[in-house]
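*Asks:*
Protein chains: 2
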Amino acid sequence: APPVKPARLGLCAACHGADGMATMPGAPNLAGQKLDYLREALRQYRDGRRDVAVMRAATGPLSDAELDQLAQWFAAQTPHPQAAP
Amino acid sequence: APPVKPARLGLCAACHGADGMATMPGAPNLAGQKLDYLREALRQYRDGRRDVAVMRAATGPLSDAELDQLAQWFAAQTPHPQAAP
Chain D
2 APPVKPARLG LCAACHGADG MATMPGAPNL AGQKLDYLRE ALRQYRDGRR
52 DVAVMRAATG PLSDAELDQL AQWFAAQTPH PQAAP
Chain S
2 APPVKPARLG LCAACHGADG MATMPGAPNL AGQKLDYLRE ALRQYRDGRR
52 DVAVMRAATG PLSDAELDQL AQWFAAQTPH PQAAP
């Protein structure tokens, strides 16, 4: 089954795109990224082990369940070609 | 023109795949990732601003030019579907 659209998706989408294709310079694509990598990266950002201010602010209020929902969402998206940066 | 195959690709490929589709648990896909993101991530790993032992060891001996060649290579690869993790 496709993943549930996360309630918290809007904030992520501003830089990473709702479909995981980044729209902001410096932001990585997330579409089709490995689920285990996304899950761990989100926890690292929230807990400050990976120190990026905007990501700490974005993930700080989120529960493990909310982070997992976001990881599942982006891992399930299909990457598509983009214009060169 | 397609990017030159980096001389240092072999070490990266062991976990991320020569085509940027990861082959090791915990390693992210790199195929089609944003060039600016890859370039910055590689410098952060090498300089210890992003603290991941295996990545620091892998990038430590590399010059900016070598890191750039790797970033260009992986950004130019096309992501393709994988089995779920």
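Chains D and S, in that order, give the protein sequences. Residue 2 is where the first sequence starts when you use this note's numbering, and the numbers rise one by one after that. Residue 2 is where the second sequence starts when you use this note's numbering, and the numbers rise one by one after that. Glycine residues also receive a C-beta, built at the ideal position from the N, C-alpha and C atoms. Quantities reported herein were computed from a predicted structural model and do not represent experimental measurements.
Within 7 Å (strictly less), CB to CB, does Gly3(D) reach chain S?
*Replies:* The question names Gly, but residue 3(D) in the sequence shown is Pro. With 7 Å as the cut-off, Pro3(D) does not count as an interface residue toward chain S.
*Asks:* Going along chain S, which residues have a C-beta under 9 Å from Ala19(D)?
*Replies:* Going along chain S, no residue has its Cβ under 9 Å from Ala19(D), so there is no contact; the nearest lies around 17 Å.
*Asks:* Among Trp74(S), His81(S), Gly61(S), which residue has its Cα nearest to the Cα of Pro7(S)?
*Replies:* The shortest C-alpha separation from Pro7(S) is found at Trp74(S).
*Asks:* Using a Cβ-Cβ distance under 7 Å, would Gln34(S) count as near chain D?
*Replies:* Answer yes: the Cβ-Cβ gap between Gln34(S) and chain D drops below 7 Å somewhere.
*Asks:* Go through its chain and collect everything with a Cβ distance to Cys16(D)'s Cβ below 7 Å, but skip five positions before and after it.
*Replies:* Closer than 7 Å at Cβ, skipping near neighbours: Ala23, Thr24, Met25, Ala28.
*Asks:* Verify the CB distance criterion: does Pro7(S) have a CB-CB separation below 7 Å to chain D?
*Replies:* No, its Cβ sits nowhere closer than 7 Å to a Cβ of chain D.
*Asks:* Please report whether the beta-carbon of Ala23(S) lies at a distance below 7 Å from any beta-carbon of chain D.
*Replies:* By this cut-off, Ala23(S) is an interface position.
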